[in-house]
Every structure is written in structure tokens, then in C-alpha cells.
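For reference, the structure discussed in these notes is given below.
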Amino acid sequence: MTADRTAVSRPHRHRVLVAAAVLPLLALAACGYGSDSTSSKSGTAASTASAGGKKLSASEVKIGYFANLTHATPLVGLKEGLFQKELGSTKIKQSVFNAGPAEIEALNAGSIDIGWIGPSPAINGYVKSGGKSLKIIAGSASGGVKLVVNPKTIKSLKDVKGKKIATPQLGNTQDVAFLNWIADQGWKVDATTGKGDVSVVRTDNKVTPDAYKSGSIDGAWVPEPTASKLVAEGAKVLLDESTLWPNKKFVITNVIVSQKFLTAHPDVVQAVLQGSVNTNAWITANPDKAKADANAELATLSGKALPADVIDPAWQSITVTDDPLAATLQTEADHAVKAGLLTKPNLKGIYDLTILNKVLKADGKAQFSDAGLS
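Note that the sequence shown covers residues 3 to 376 in the working numbering.
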């Protein structure tokens, strides 16, 4: 295993979404991983700080994340106590969100300090605040996006033309990725309406499997575990998005921090990032236990664990990584501009990898580039 990433399994996919600098509606629509809900499930039990632990500058750190396999790092690290070990007497308050905009709103309001989130809401939050709200301080996951289709109606990539293909929502990460792929085929689609040589049907991931079973869509360009849920219903994977990226790597989850919290409590941010790095290494060393941990947390948070025929392939397609894969963030922004969903944003300053690289250097691990966006 190379130092630049730790794997849940083999590498895979998911595209950085972009949507919001110019379209206020899209700023709300561009949720992490396709959820269009802006509600959050917050106030989960605060972790108990270890007795006699080291004293940091804040008595509490408020952490946000999604009940989603692409957020394996917080799911596993919190369950195994790997973050609390680094934080000592600083207590953890957890908030679980259903959508990226809700998490950004919470960060802006001070309801959370640090969060795991998709690229699009991170971009949106940064651009809308004029570069003042947040910083991306680490990567967390790569991969996990597939074009999954009905094998009875679509047997090859060229058969996608003329069919109804779902994406999670207008302007979200997978929607931008699919629109870019369509353009690369030489086909035309109106990005806003989804009408054209392919019918792009914006459908919430929660209902996509039912839409597929009813025959109202012929397939979907979706993240895990939705892709594997469709496969369990008889669909087949036609394209793995990772194959479209150099080295099959692209960001799906980043770690962000409030700039105010970063300035006031850099020692706490360092402890959280040390916990993140340690968790990713632990996941790599203990993939089966980590998968069980993540599924147990999903069962607790969402009320239902994923069955083996869904979680096994979904877990295999996601790679946890400390690398923010910064170059892919800019590429995805460019794809959204090309699709007409975004005015070219200035992302200069969105990254601050200083503390991450300090942690990695102390651990004897490779450090990472911000692709000139610091």
C-alpha cells in the first residue's frame, strides 16, 4: 500500500460536484452525495472524554458527518474511539446530516466546527462566503460512483442514448459528472431541464431503486450504496467512474473546518486530523472489522443496516485516503462550468493542508499537494 492513500479495498470513484457560484437554487440543491434534504439529525450523544486525558484549548469540538459509507472515517473512528484518544479531555459532540447545505449552514452558525462533506457543498460554501467560511484541511475518501443500467434495455454505452438515466439532483456531483460524460459522447442535453439525446431524470437516491424496479428509469449514475442496491435488483454496472480519472482516483469526501475555529484552536484541529489519519490506517489494517463498524453505525443512525449483497460491493468500491486529491476538485469545477451550471469560481485559498502535512510528516508518511489552491 502506498503512502498516499489507505484503502477500504481497491480504488474507485465519485466525482467532485460543483454547483452554486452563480445559481442560488443550485447552491441549495448541491447537497453532498445527492440528498436533497436540508434537515439534519444533530445532538447525538456526545462522546465521553477519557479521564485524565491531555488538555487542549477547547473543552468541546463539534463534528458533523453523514450516515453514508463514503463517510467511513468518522463512522469507524468515532465508534472505535480513535478520535477521542487524540482529543484527551476535549469532548466530542456529533451531528449527523442528510445534506451538504445543512452541514454548511451548521458550520457557518457555529453548530459544528469540523465536518466531513462532499466537494460540491464545500465549494459552494467557500464561494458564497467570499472565501471566509471554511477551509478544506484533508481528504477522506475517493471513488464509489457507477453508471448502473437495466441490461434488458441497455447492453452497451452507445445504448444509453435515448434512455432515461437518473442522477441524484440537478447540479450535484454525479449530475455534473454524467452531463460531462454525455458531452464527451457528442450528445446534447439541456443541463437545466435534463432533456435531450439522453433524458436525465433527477431522482433522490432514496427512491431511485423503486424508480428502477417500476421501469420509470433505465439506469442511474449514482454513488454507493445506491449503485449496489440497484445491482441487487438485477441491474448491471456499465461504467465505473473511476476509469475516467487518472490513476482511478477522484475525491468524494473532504474534511472541512470553520476558519474561526481553525484560528482559535489549531491544537484541537490537529488532534482531529491525527485521529482521521489513524482511523484511515486502522481501516486499511482491519477492513472487515471496519466494514462491520460502519454498517453498525449506519444501523444506529438510519435504523437499518445494509445487507451483505449491498455493503460488500459498495465498501469495496470506496477508498479512504488522507489525500484531498485537490487537482480533481478543480477539474470538477471546470466540468460544471462547461455544463453551464457554474460561473468559473476562484478557488484560490480553499485548502489549508498545513496541519495535515505536519501530522503526516511526524508519522513518517508522504505529504500532499493542494494543487496550487492554498
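Ideal Cβ placement from N, Cα and C applies to all residues, glycine included.
Mind checking residue i: buried by the 16 CB within 10 Å criterion, or exposed?
i, result
"Val-209", "exposed"
"Glu-235", "exposed"
"Pro-123", "buried"
"Asp-311", "exposed"
"Ser-144", "buried"
"Asp-186", "exposed"
"Asp-354", "buried"
"Asn-348", "exposed"
"Leu-362", "buried"
"Gly-141", "buried"
"Leu-136", "buried"
Please classify residue i: does DSSP put it in a helix, a strand, or coil?
i, result
"Gln-261", "helix"
"Glu-226", "coil"
"Val-209", "coil"
"Thr-245", "helix"
"Lys-81", "helix"
"Thr-323", "coil"
"Ala-234", "helix"
"Ser-304", "helix"
"Gly-198", "strand"
"Leu-149", "strand"
For the alpha helix (DSSP H) holding residue i, just list the boundary residues, first then last.
i, result
"Phe-85", "84 to 89"
"Ile-313", "310 to 318"
"Thr-330", "328 to 341"
"Ile-125", "121 to 130"
"Lys-95", "Looking at the DSSP string, Lys-95 is not in any alpha helix (DSSP H); the run it does join, the beta strand (DSSP E), is 93 to 99."
"Leu-349", "Unbroken run through Leu-349: none, as it is neither H nor E."
"Ser-278", "268 to 287"
"Lys-360", "356 to 364"
Please name the residue in the options whose C-alpha comes closest to that of residue i.
i, options, result
"Leu-246", "Ala-373, Gly-366 and Phe-180", "Phe-180"
"Asn-70", "Lys-306, Gly-112 and Asp-354", "Lys-306"
"Pro-326", "Leu-58, Val-147, Asp-372 and Gly-188", "Asp-372"
"Lys-215", "Val-150, Phe-263 and Val-271", "Val-150"
"Gly-90", "Lys-57, Val-361 and His-337", "Lys-57"
"Thr-93", "Asn-100, Phe-85 and Phe-99", "According to the sequence as given, residue 93 is Lys; it is not Thr. Nearest of Asn-100, Phe-85 and Phe-99 to Lys-93, Cα basis: Phe-85."
"Asp-314", "Pro-289, Ala-335, Glu-334 and Ala-301", "Pro-289"
"Ile-219", "Lys-251, Glu-226, Gln-176 and Gly-164", "Gly-164"
"Gly-2", "Pro-309, Leu-80, Ser-113 and Tyr-67", "No answer is possible for residue 2: it lies beyond the span of the chain, which begins at 3 and ends at 376."
"Lys-157", "Val-361, Thr-169, Gly-221 and Asp-212", "Gly-221"
"Tyr-67", "Phe-252, Lys-262, Tyr-128 and Ser-113", "Ser-113"
"Val-203", "Glu-226, Asp-186 and Gln-176", "Gln-176"
"Trp-183", "Val-361, Gln-369 and His-337", "His-337"
"Val-98", "Val-147, Val-339, Thr-228 and Glu-299", "Glu-299"
"Leu-375", "Leu-331, Lys-293, Lys-346 and Asn-297", "Leu-331"
"Thr-75", "Ala-111, Ala-301, Val-339 and Thr-321", "Thr-321"
Taking the beta strand (DSSP E) that residue i belongs to, which residues open and close that run?
i, result
"Tyr-67", "62 to 68"
"Lys-137", "136 to 145"
"Ala-108", "Ala-108 -> not in any beta strand (DSSP E); alpha helix (DSSP H) instead, spanning 102 to 111."
How many whole angstroms separate the CB atoms of residue i and residue j, which I take to be in contact at a CB cut-off of 8 Å?
i, j, result
"Asn-207", "Val-224", "6 Å"
"Gly-83", "Ile-254", "25 Å between Cβ atoms; not a contact."
"Ser-244", "Lys-250", "4 Å"
"Ile-139", "Ile-65", "Going by Cβ atoms, the distance from Ile-139 to Ile-65 rounds to 13 Å, so no, they are not a contact pair."
Let me see if you follow: with CB-CB separation under 8 Å, is residue i close to chain C or not?
i, result
"Ile-139", "In the structure shown, chain C does not exist; there is a single protein chain."
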